[in-house]
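Chemist: Have a look at this one before I ask anything.
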Amino acid sequence: MANLLNYIVLKESGYQGYILEKAPVKVLQFGEGNFLRAFVDYFFDVSNEKADWNGKVALVQPIHGGLTHLINEQQALYTLYLRGSENGEKVNRKRVISVCDACYNPYDNADWDKVREIAVSDELEYVTSNTTEAGIVYDPESTMDQLPPHSFPAKLAVLLYERFKAGKKGLVILSCELIDNNGKELQKVIEHHIADWGLGDDFLSYIQNDCLFCSTLVDRIVPGRIRDEKEVAELEAEHGYKDNLLDVGEVFGVWYIEGPEWLEDKLPFKKAGVNVHVVPDVTPYKKRKVRILNGAHTGFVLGAYLAGFNIVRDCMHNDTVRGFMNKMLNEEVIPCLPLDKADCEAFAAAVTDRFNNPFVDHQLMSISLNSTSKWKARNMPSFLEYVEKFGCLPKALTMSLAAYIAFYSNDVQRLDGDALICKRPAGDEYAVQDDPWVLEFYYAHKDDSEETLVKAVLQNERMWDQDLTKVEGLEAQVVADLKLIHEKGAEAAYASVL
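As structure tokens, this is what we get:
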């Protein structure tokens, strides 16, 4: 049986990649899960190799029951595979990550003392975090005398207060939680605690002027651990060690950090040549991700499923479905985005590669969950802006709306708990999952003609916050598109807009 990964075992295995065993801790990271280790820690690790950054990351387990023991057992080393497709070529890159120093469980008093020690060190420059969407919340039950305070923002407030009292320079805080304005929201919660705890105006000024809270946008799909026991055994034999922290992410990854120009020179990423960018505002990049990446998914998968496809990768191997997606993105979505056209087109081209990932079987049915709210958030803004800008209907987005209606109404069988059971044209049943009121609406209209159904959907202001029959020509076109899907099939309907 292979030995557990550590520095000695790694050396004995013959690994030839870059490794840095000793360096000062420059980052305090709240979160030790798969995402941060495949994303933030990867970028800092490459910065050690390519930019001579010479830094380590100390990990803090944000909740009870984390990975502290497993991480420290391996001296914080782990193997990362970045897998996917680049320019149509299969990619499977292995890298042993050595940027992490150790992991601390703050619910252990000795570990919390160590975290507090790191927080006031001269070498510390950054705090990073991904404590899930629920992590950045104000918790009135969190107090300064708790060891440690309950919430992540309260923990950070205590650590920054101790740093302030020690007379140490402010830190750059890089929040990666999946909420809007994550950095600004974290700062707001900390300021709330300062007021509650009576920590004074001088500390408030330190937070507002000496520390920099950056909102960031993260983009990398991280499936995480490999579940196939046979593949794990094969990798152990190949590596010459056992790794309980092996991590897998897609090869594509980009990180946008909202901050002043000087931050780009302070951070090591530009010098390291990694895909991390300091920008004055992350909002347009979030819009680009939602409209192009997420909008592409919602825009084509429902019709593709009715056409007989089951996973995203297979859709990318079909000229019609891929062509439909590309027409929608390049001719209808990108012209309405407030960013450089070439930059958006490059991002859209990367989406095709990402969807063609040979290592990920991304099920269309998993993407189909809650498609009503998804189409409204991801596709409808592009649709409405296109109509306003060009004075006509976008053909692919209009067809996408018809495909959404078709998916929710195709040969409806029954309401079954939290699902509406429909049938594909091939005869197999599938479960539409959405808010109960959405499913009840479609069940109530299951015997409608195309004309009646389309009118009812487009007029449903609870779905769209407006009456879409008021968009000139939309109702008639969606009826025509829905009839084409029913008569010729979704693939032929997609082909009709090309």
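Per the numbering used here, the sequence shown starts with residue 274, numbered consecutively.
Yeah, the Cβ is synthetic: ideal placement off N, Cα and C, and Gly gets one too.
For clarity, every value in this text was computed on a predicted model and none was experimentally measured.
#1: Which residues in the same chain have their Cβ closer than 6 Å to the Cβ of serine 243, if we skip the five residues on either side of it in sequence?
#2: Between tyrosine 715 and valine 685, which are expected to be in contact by the criterion C-beta below 8 Å, what is the C-beta distance as a whole number of angstroms?
#3: Buried or exposed: where does glutamine 289 fall if 16 or more other Cβ atoms within 10 Å of its Cβ makes it buried?
#4: In terms of DSSP beta bridges, what is phenylalanine 303 paired with?
#5: Would you call the region 298-317 in contact with the region 398-410, where contact means no fewer than 3 C-beta pairs closer than 8 Å?
#6: Alpha carbon to alpha carbon, how far is glutamine 636 from histidine 342?
#7: Under 7 Å Cβ to Cβ from serine 488, same chain only, skipping five residues before and after it: list those, please.
#8: Once the 5 residues before and after tyrosine 315 are set aside, which same chain residues still bring their CB inside 7 Å of it?
#9: Phenylalanine 620 by DSSP, collapsed to three states: which one?
#10: I'd like the ranges of any beta strand (DSSP E) spanning at least 3 consecutive residues and lying wholly in the region 304-370.
#11: Round the Cβ separation of leucine 602 and alanine 580 to the nearest angstrom and send it over; I've been treating them as touching at under 8 Å.
#12: Confirm, please, whether the CB-CB distance from lysine 559 to aspartate 492 is below 7 Å.
#13: How big is the Cα-Cα spacing for asparagine 482 and leucine 490?
#14: For a test of the three-state rule: what should DSSP assign to alanine 702, helix, strand or coil?
#15: What first and last residue would you give for the alpha helix (DSSP H) that runs through isoleucine 758?
#16: Grab the span of the beta strand (DSSP E) containing lysine 696 for me, first residue to last.
#17: From the DSSP output, in three-state form, read off leucine 566 for me.
#18: Please identify the residue among Gly443, Gln706, Ile409, Met736 whose C-alpha is closest to the C-alpha of glycine 690.
#19: Measuring only between beta-carbons, confirm whether proline 611 sits less than 7 Å from chain D.
#20: The beta strand (DSSP E) spanning alanine 288 covers which residue range?
#21: My output table needs one value for serine 769: the three-state DSSP class, helix, strand or coil.
#22: Quick one, are the C-beta atoms of alanine 324 and lysine 544 less than 7 Å apart?
#23: How long is the line joining the alpha carbons of phenylalanine 437 and valine 393, rounded to whole angstroms?
#24: Three Cβ pairs or more, each shorter than 8 Å: is that satisfied between the region 358-378 and the region 628-635?
#25: For arginine 310, collect the residues of the same chain with a Cβ closer than 8 Å to its Cβ; drop the 5 residues on either side in sequence, then sort them by chain order.
#26: Taking the Cβ atom as the reference point for each residue, do valine 527 and leucine 566 lie within a distance shorter than 7 Å?
#27: If I follow the unbroken alpha helix (DSSP H) through aspartate 492, where does it start and stop?
#28: Can you name the residues that DSSP bridges to aspartate 520?
#29: Helix, strand or coil: how does DSSP classify histidine 466 here?
#30: Apply the 10 Å Cβ neighbour rule to cysteine 665 and answer buried if 16 or more other Cβ atoms are within range, or exposed otherwise.
#31: How would you write the range of the beta strand (DSSP E) that alanine 375 sits in, first residue to last?
#32: For alanine 348, count neighbouring C-beta atoms within 10 Å of its own C-beta (all shown protein chains included) and say buried if the count is 16 or more, exposed if not.
#33: Along the chain, where does the alpha helix (DSSP H) that runs through glutamate 661 open and close?
Modeler: Reading from the atomic positions:
#1: Outside the displayed span of the chain (274 to 771) sits residue 243, for which this structure offers no information.
#2: 7 Å
#3: It counts as exposed.
#4: Val333, Ser402
#5: yes
#6: Taking the straight line joining both Cα atoms gives about 34 Å.
#7: Cβ within range, chain order: Ser448, Asn454, Asn455, Gly456, Lys457, Glu531, Val555.
#8: Leu353, Ile370
#9: It is helical.
#10: 329-333, 351-359, 362-370
#11: With 8 Å as the limit, leucine 602 and alanine 580 do not qualify as a contact, their Cβ atoms being about 19 Å apart.
#12: No Cβ-Cβ contact shorter than 7 Å links aspartate 492 with lysine 559.
#13: 23 Å
#14: Residue 702 is actually glutamate in this sequence, not alanine. Correct three-state label for glutamate 702: strand.
#15: 747-761
#16: That run of the beta strand (DSSP E) goes 692-696.
#17: helix
#18: The shortest Cα separation from glycine 690 among Gly443, Gln706, Ile409, Met736 belongs to Gln706.
#19: In the displayed structure, chain D is absent; only one protein chain is listed.
#20: Rather than alanine, the amino acid found at residue 288 in this sequence is tyrosine. Per DSSP, tyrosine 288 belongs to no beta strand (DSSP E) and is neither H nor E.
#21: Looking at serine 769 - three-state DSSP - the assignment turns out to be coil, as it is neither helix nor strand.
#22: yes
#23: 8 Å
#24: yes
#25: For arginine 310, where only same-chain residues beyond five positions count, the Cβ hits under 8 Å are Tyr351, Leu353, Ile370, Cys373, Leu518, Asp520.
#26: no
#27: That residue, aspartate 492, is in no alpha helix (DSSP H); its beta strand (DSSP E) goes 485-492.
#28: Leu353
#29: DSSP places histidine 466 in helix when its eight states are reduced to three.
#30: That one is exposed.
#31: Where alanine 375 is concerned, the enclosing beta strand (DSSP E) stretches over 373-377.
#32: First, the amino acid is wrong: residue 348 is glutamine here, not alanine. Buried: at least 16 other Cβ atoms inside 10 Å.
#33: 653-663
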